[in-house]
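Each residue of the sequence shown is one higher than the one before, counting from 94 in this note's numbering. Backbone N, C-alpha and C define an ideal beta-carbon position, used for all residues, glycine too. What you are looking at is a predicted structure, and each value in this text was computed from that prediction instead of being measured.
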Amino acid sequence: EEVLVTRKLDGSSCTIIAEPNGTIHICSRSMELKPECGNKYTHAAEIWLDPLKDYAKRNNIIIVARGEVTGEGINKNGANRDCHGEATFNLYGTWFIDPVSQTIKSRGYFGTSHHFTVTIDDIYAHSLPDCPMMRKRELLKTVPILGTAICTKELLQKYVDAPASEGEGVVLNHLHGSFKSKSQDYYSKI
Numbered sequence: 094e095e096v097l098v099t100r101k102l103d104g105s106s107c108t109i110i111a112e113p114n115g116t117i118h119i120c121s122r123s124m125e126l127k128p129e130c131g132n133k134y135t136h137a138a139e140i141w142l143d144p145l146k147d148y149a150k151r152n153n154i155i156i157v158a159r160g161e162v163t164g165e166g167i168n169k170n171g172a173n174r175d176c177h178g179e180a181t182f183n184l185y186g187t188w189f190i191d192p193v194s195q196t197i198k199s200r201g202y203f204g205t206s207h208h209f210t211v212t213i214d215d216i217y218a219h220s221l222p223d224c225p226m227m228r229k230r231e232l233l234k235t236v237p238i239l240g241t242a243i244c245t246k247e248l249l250q251k252y253v254d255a256p257a258s259e260g261e262g263v264v265l266n267h268l269h270g271s272f273k274s275k276s277q278d279y280y281s282k283i
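In structure tokens form, the structure reads like this:
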């Protein structure tokens, strides 16, 4: 099966949900955080909030942005090259939910047209060049995409055997979900 290969960032899972009525939810793996609480998650998500709220309202859709928070103080260890700098939300997938039926209308992974239906440029298309949000657009980050590949035992072994210098590993994304292939060398250095 063809998979979209993305680099596994060594951070912490984060989901931002924008409803058409302007309500925002910022979620870690196991809890929802209030936007006003001012921790690393909410700070990392801030730059995405206005464009996601506006997109949800303009399209009368619930938009669910999944990603990883990386930066200073997030999973700091000797091998982690993603724990430096300001905390940042890195997008890797988006789901669009009908607010009435609560059903998924579309979903996908950022970066390739057949996996993802809306790009960062689409989210900002309504903005004028002198709008502050257009300046912020340059700061938006996504999980690094390494390309597509056919998933085989040899491919998985390649990432398991990868040196720690290449990072924690990769995420192999397909239409029914995703799974990780992690570098043994990386984990031996934590």
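Query - DSSP state of Ile140 mapped onto helix, strand, coil - result: helix
Query raised in the report: What's the gap between the Cα of Thr108 and the Cα of Trp141?
Result: 11 Å
Requested in this report: Using alpha carbons as the reference points, say which of Asn173, Leu233 and Pro192 lies closest to Phe149.
Outcome: Here residue 149 is Ala; the residue named in the question, Phe, does not match the sequence. Per the Cα distances, Pro192.
Query raised in the report: Alpha carbon to alpha carbon, what distance is there between Cys130 and Asn183?
Result: 20 Å
Query raised in the report: Looking only at its own chain, which residues have a Cβ that is under 7 Å from the Cβ of Leu102, when we skip the five neighbours before and after it?
Result: Glu161, Thr163, Asp175, Asn183 and Val236
Requested in this report: Answer yes or no: do Leu265 and Ser276 have a C-beta to C-beta separation smaller than 8 Å?
Outcome: no
Query raised in the report: Cβ of Thr135 within 8 Å of Cβ of Ile156?
Result: no
Report task. Would you kindly work out how many angstroms separate the C-alpha atoms of Asp254 and Cys244, rounded to a whole number? Result -> 16 Å
Query raised in the report: Is His208 helix, strand or coil when you go by DSSP?
Result: At His208 the pLDDT is 46, less than 50, meaning the model places this residue with poor confidence; the figure from the coordinates comes in the next sentence. Correct three-state label for His208: coil.
Query raised in the report: Whose C-beta lies closer than 8 Å to the C-beta of Glu125 among residues of the same chain, with five residues either side of it excluded?
Result: His118 and Ile119
Query raised in the report: DSSP on Thr245, reduced to helix/strand/coil?
Result: coil
Requested in this report: Please name the residue in Leu97, Thr241, Ala158 and Glu261 whose C-alpha comes closest to that of Lys169.
Outcome: Glu261
Query raised in the report: DSSP state of Val253, grouped into three classes?
Result: helix
Query raised in the report: CA-CA distance, Asn132 and Asn173?
Result: 21 Å
Requested in this report: Give the straight-line distance between the Cα atoms of Ala180 and Gln250, rounded to the nearest whole angstrom.
Outcome: 31 Å
**Report entry** Nearest-angstrom beta carbon gap, Thr241 and Leu145 [assumed within contact, 8 Å]
**Finding:** About 27 Å; that fails the 8 Å criterion.
Report task. Kindly list the residues whose CB is nearer than 8 Å to the CB of Gly104, restricted to its own chain and excluding five residues on each side of it in sequence; keep chain order. Result -> Glu161, Val162, Thr163, Gly164, Ile167, Asn168, Asp175, Cys176 and Asn183
Query raised in the report: CB of Trp141 to nearest heavy atom of the ligand FAD: below 7 Å?
Result: The ligand content of the structure shown is nil, which means the ligand FAD is not present either.
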